[in-house]
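Here the sequence shown stands for residues 97 to 282, numbered as in the working numbering. Backbone N, C-alpha and C fix where the C-beta goes; we use that ideal spot for every residue, glycine too.
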Amino acid sequence: MKGFIFGVIIGVLLVVGSVGFYFFSGRAPVATTDKNMPFEGMLARSALHARIDKEMPKSVPVAADEAAYIAGAQIYRTRCGICHGLPDMEQGDIAKGMFPKPPHLFRGKGVTDDEPGETYWKVANGIRLTGMPEFKSAMTETQMWQVSLLLANANKISDAVKQELKPPNFPGAPAPASATPPPRVH
């Protein structure tokens with residue numbers, strides 16, 4: 097019996113030592129261009145969804161109406177669009193260089209299949225190790241709900257709301273999706 101317990105202890109120490117060596121020797125993928133570690137995506141998604149399911153608000157204190165969507169569009173354009181993109185626009189260089197890549201929220205279904213409370217939780221708290229910051233220290237609760245309602249209903253927004261999502265005209269702003277990219281300088 098002592099030999100079995102000793103073997104288990106040695107086995108655990110070897111596993112811990114191997115994992116430590118892998119990380120502390122510089123072999124673990126840490127650059128944004130590296131491939132995922134085995135099970136990295138699955139473990140991160142599982143932990144995130146378990147936490148959100150436990151903590152997300154179940155009721156929405158802001159009416160899902162045109163005024164909320166327009167206010168949400170103004171906030172989204174200035175605070176979120178730089179990473180998550182704007183309708184009919186490519187994501188900018190910042191988003192392209194992130195790992196994991198931020199989802200383009202106006203392509204495909206975006207987060208329209210998520211409950212507003214789930215999106216609110218992500219906006220308020222951010223998502224660790226993804227580049228998604230928390231906004232509860234920079235936005236009011238109402239503003240976070242307005243953005244969350246906009247995104248939950250992005251497939252149903254009016255032309256007036258789409259107009260609010262038009263990109264600003266400044267150097268370095270992402271180009272329209274249909275525009276020809278500028279030539280590369282070598």
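Report the residue from Thr238, Thr226, Lys232 and Asn251 whose alpha carbon sits nearest the alpha carbon of Asp210. Locating residue 210 in the sequence shown gives position 114, where the first residue counts as 1. Per the Cα distances, Asn251.
Best match in Leu201, Asp130, Gly103 and Val243 for proximity to Asp161 [C-alpha to C-alpha]: Within the sequence shown, numbered from 1, the residue matching residue 161 stands at position 65. Cα-wise, what sits closest to Asp161 is Val243.
Ignore the nearest five residues each way along the sequence and tell me which others in Leu109's own chain have a CB closer than 6 Å to its CB. One-based indexing of the sequence shown puts residue 109 at position 13. Closer than 6 Å at the Cβ level, and outside the excluded window around Leu109, lies no residue.
Using the three-state DSSP reduction, which class does Ile307 fall into: helix, strand or coil? Absent from the structure is residue 307, since the part of the chain shown begins at 97 and ends at 282.
Okay, do the region 173-182 and the region 198-207 touch, 3+ Cβ pairs below 8 Å being the bar? yes
At what residue ranges does the region 127-160 contain a whole run of the alpha helix (DSSP H), taking only runs of 4 or more? Counting only runs of at least 4 residues, the region 127-160 fully encloses the following alpha helix (DSSP H) elements, listed from N- to C-terminal order: 136-151.
Once you ignore the five residues that flank Lys205 on each side, which residues in its own chain have a CB closer than 8 Å to its CB? Reading the sequence shown from its first residue, position 109 is the one you call residue 205. Excluding residues within five positions, the ones whose Cβ falls inside 8 Å are Asn251.
Met185, buried or exposed, once every other Cβ within 10 Å from all chains shown has been counted against 16: As a working note, residue 185 is residue 89 in the sequence shown. By the 10 Å Cβ count, Met185 comes out buried.
Close Cβ partners of Thr215 (< 7 Å) along its chain, the five nearest in sequence each way excluded: As a first step, residue 215 is located in the sequence shown; it is residue number 119 there, counting from the start. Hits under 7 Å: Val207, Ser244, Leu247 and Ala248.
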